[in-house]
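Residue numbers (the UniProt record's numbering): 1 to 155.
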């Protein structure tokens, strides 16, 4: 699809809410489409990453709590999240200890590694034609707008 060109003067009057929403929807859709090629969703990827960061494991409730702020209509409603956890357990990628804490299995680490390779390619595609300096500048602007709107400034 060809990108429509606008002048800087025109862009200065475009609504940021529209463009941030359009970007979110397009990016999440693309990431999910690419993850589905590996038989997973972005929620699987997010869960594997949360468990990687918490080696002692997390309960189902803790995982849902940690990931709740990332759940958007495009990613999936947080109420449907147990299905993702059930799927990871059924795959043998996640196991529950006697205390109910979920941790990654060897198969889960291997699956996460495969998804990480694909995720690097996804990032490269999304950043095509965008320098690191432009990317950082865009994020700084979005963070400032987010702060001005009273939103969070951390991941």
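Think of the CB as a built atom: it goes at the ideal place given N, C-alpha and C, for glycine as much as any other residue.
Less than 8 Å separating the beta-carbons of residue 60 and residue 102?
Locating residue 60 in the chain shown gives position 60, where the first residue counts as 1. Locating residue 102 in the chain shown gives position 102, where the first residue counts as 1. Yes, these two residues count as a Cβ contact at 8 Å.
Exposed or buried, what is residue 112 when buried is set at 16 or more other beta-carbons lying within 10 Å of its beta-carbon?
Position 112 of the chain shown, counted from the start, is the residue given in the question as residue 112. With 16 or more Cβ atoms within 10 Å of its Cβ, residue 112 is classed as buried.
Taking 8 Å as the cut-off, does the stretch 76 to 91 touch the stretch 126 to 145 (at least 3 CB pairs, one atom from each stretch)?
no
Of the residues 51, 137, 151, the one placed nearest residue 66, counting alpha carbons only
Here residue 66 refers to the residue found at position 66 when the chain shown is read from its first residue. Looking at the Cα atoms, 51 is the closest of the given residues.
If you reduce the DSSP assignment to three classes, tell me which class residue 104 lands in.
Stepping through the chain shown from its first residue, residue 104 is reached at position 104. Looking at residue 104 - three-state DSSP - the assignment turns out to be strand.
Cβ-based burial, residue 33 [other Cβ within 10 Å; buried from 16]:
On the chain shown, position 33 is the one that residue 33 refers to. The residue is exposed, with fewer than 16 neighbouring Cβ atoms inside 10 Å.
Please confirm whether residue 19 and residue 119 have their CB atoms less than 8 Å apart.
One-based indexing of the chain shown puts residue 19 at position 19. One-based indexing of the chain shown puts residue 119 at position 119. Cβ distance not < 8 Å, so residue 19 and residue 119 don't count as in contact.
Tell me, please, which residues DSSP counts as bridged to residue 94.
For the purposes of this step, residue 94 is taken as the residue at position 94 of the chain shown. Beta-bridge partners of residue 94 (DSSP): 104.
How long is the line joining the alpha carbons of residue 56 and residue 99, rounded to whole angstroms?
Here residue 56 refers to the residue found at position 56 when the chain shown is read from its first residue. Here residue 99 refers to the residue found at position 99 when the chain shown is read from its first residue. Residue 56 and residue 99: Cα-Cα distance of roughly 11 Å.
Name the one or two DSSP bridge partners that residue 58 has.
On the chain shown, residue 58 is found 58 positions in, with the first residue counted as 1. 102.
Pick out whichever of 155, 153, 152, 146 has its Cα sitting closest to the Cα of residue 188.
With the chain represented from 1 up to 155, any question about residue 188 goes unanswered, as that position is not in the structure.
Nearest-angstrom beta carbon gap, residue 58 and residue 114 [assumed within contact, 8 Å]:
Position 114 of the chain shown, counted from the start, is the residue given in the question as residue 114. Position 58 of the chain shown, counted from the start, is the residue given in the question as residue 58. No, residue 114 and residue 58 are not in contact; Cβ-Cβ is about 22 Å, not under 8 Å.
Return the residue from the list 63, 70, 117, 69 that minimises the CA-CA distance to residue 94.
By 1-based counting over the chain shown, the position of residue 94 is 94. The candidate whose alpha carbon is nearest that of residue 94 is 63.
Report the residue from 25, 14, 82 whose alpha carbon sits nearest the alpha carbon of residue 47.
Taking the chain shown and counting its residues from 1, the one referred to as residue 47 is at position 47. Minimum Cα distance to residue 47 is reached at 82.
Are the C-beta atoms of residue 64 and some chain C residue less than 8 Å apart?
No chain C appears in this structure, which consists of one protein chain only.
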